[in-house]
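In my numbering, the protein residues as written are 15 to 137.
The C-beta atom is built at its ideal place from N, Cα and C for all residues, glycine as well.
One structure is given below, encoded as structure tokens.
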Amino acid sequence: RASALGAVKRSWTLFRGSIGFALCVLVSFYVIEISILASLIVFKKYLLVFLFVVMAAAPLSTILVVVLYIVLRIRLEGLTQSSLAQELSSLPDTRNTFEMLPATAAEDRPREGDKQLPDIHLV
């Protein structure tokens, strides 16, 4: 497994080979987003639509970056569906990393006036 610094270096190597493509995709997305927001600001009666577009923009830009990364890996490294599935299956399972357990012993129970917070135990 590579370190976090190694992953950043690898991502930069991928990006460096396709700066023009990546910048065109990102700039196009943000130009479209800004033009939609600007047109909605002009027509103030569409405030609800404006709020929806603003809330949808952050997840969409994150999805765009992930898709761009995968496209660059496909183009430059020959990433396939099976190799991606193999990489993802080799990651550690983190679904049940934290488990919240209620306090059971009398000394663990909060006293009157204490804030009642559940215990978090690392599994």
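Can you tell me whether DSSP reads T76 as helix, strand or coil?
-> Here residue 76 is taken as the residue at index 62 of the sequence shown, counted from 1. DSSP, reduced to helix, strand and coil, places T76 within a helical segment of the structure shown.
Grab the span of the alpha helix (DSSP H) containing L98 for me, first residue to last.
-> Position 84 of the sequence shown, counted from the first residue, corresponds to residue 98. Where L98 is concerned, the enclosing alpha helix (DSSP H) stretches over Q95 to S103.
Just to confirm, are R32 and L98 a CB contact at a threshold of 8 Å?
-> Taking the sequence shown and counting its residues from 1, one reaches residue 32 at position 18. Taking the sequence shown and counting its residues from 1, one reaches residue 98 at position 84. Residue 32 is actually Ser in this sequence, not Arg. For the pair S32 and L98, the CB atoms are not nearer than the 8 Å cut-off.
Candidates L102, Q100 and L82: closest to W26 by CA position = As a first step, residue 26 is located in the sequence shown; it is residue number 12 there, counting from the start. Between W26 and the set L102, Q100 and L82, the nearest pair of CA atoms involves L82.
Roughly how many angstroms separate the alpha carbons of I88 and S53, rounded to a whole number?
-> Sequence index remark: in the sequence shown, residue 88 carries index 74 (1-based). Sequence index remark: in the sequence shown, residue 53 carries index 39 (1-based). C-alpha separation (whole angstroms): 36 Å.
Provide the residue span of the alpha helix (DSSP H) that contains T138, from first to last.
-> Not covered by the structure: residue 138. The range shown for the chain is 15 to 137.
Can you give the Cα-Cα distance for F35 and T108, rounded to whole angstroms?
-> Taking the sequence shown and counting its residues from 1, one reaches residue 35 at position 21. Taking the sequence shown and counting its residues from 1, one reaches residue 108 at position 94. Taking the straight line joining both Cα atoms gives about 34 Å.
Rounded to a whole number of angstroms, what is the C-alpha to C-alpha distance between L62 and E101?
-> One-based indexing of the sequence shown puts residue 62 at position 48. One-based indexing of the sequence shown puts residue 101 at position 87. Just so you know, the alpha carbons of L62 and E101 end up roughly 41 Å apart.
So, using beta-carbon positions, are F43 and L90 closer together than 8 Å?
-> Taking the first residue of the sequence shown as 1, we reach residue 43 at position 29. Taking the first residue of the sequence shown as 1, we reach residue 90 at position 76. No; because the gap between Cβ atoms is not below 8 Å, this pair is not in contact.
Apart from the five residues just before and just after P106, which ones in its own chain have a Cβ nearer than 8 Å to its Cβ?
-> For the purposes of this step, residue 106 is identified with residue 92 of the sequence shown, where counting begins at 1. When the five nearest sequence neighbours on each side are left out, no beta carbon in the same chain lies closer than 8 Å to the beta carbon of P106.
Which residues in the same chain as L40 place their Cβ atom closer than 7 Å to its Cβ, once the five residues preceding and following it in sequence are excluded?
-> Walking along the sequence shown from the start, residue 40 turns up at place 26. Counting only Cβ-Cβ distances below 7 Å, and skipping sequence neighbours, we find nothing.
Nearest-angstrom Cα distance between V67 and L51?
-> For the purposes of this step, residue 67 is identified with residue 53 of the sequence shown, where counting begins at 1. For the purposes of this step, residue 51 is identified with residue 37 of the sequence shown, where counting begins at 1. Going from the Cα of V67 to the Cα of L51 covers about 7 Å.
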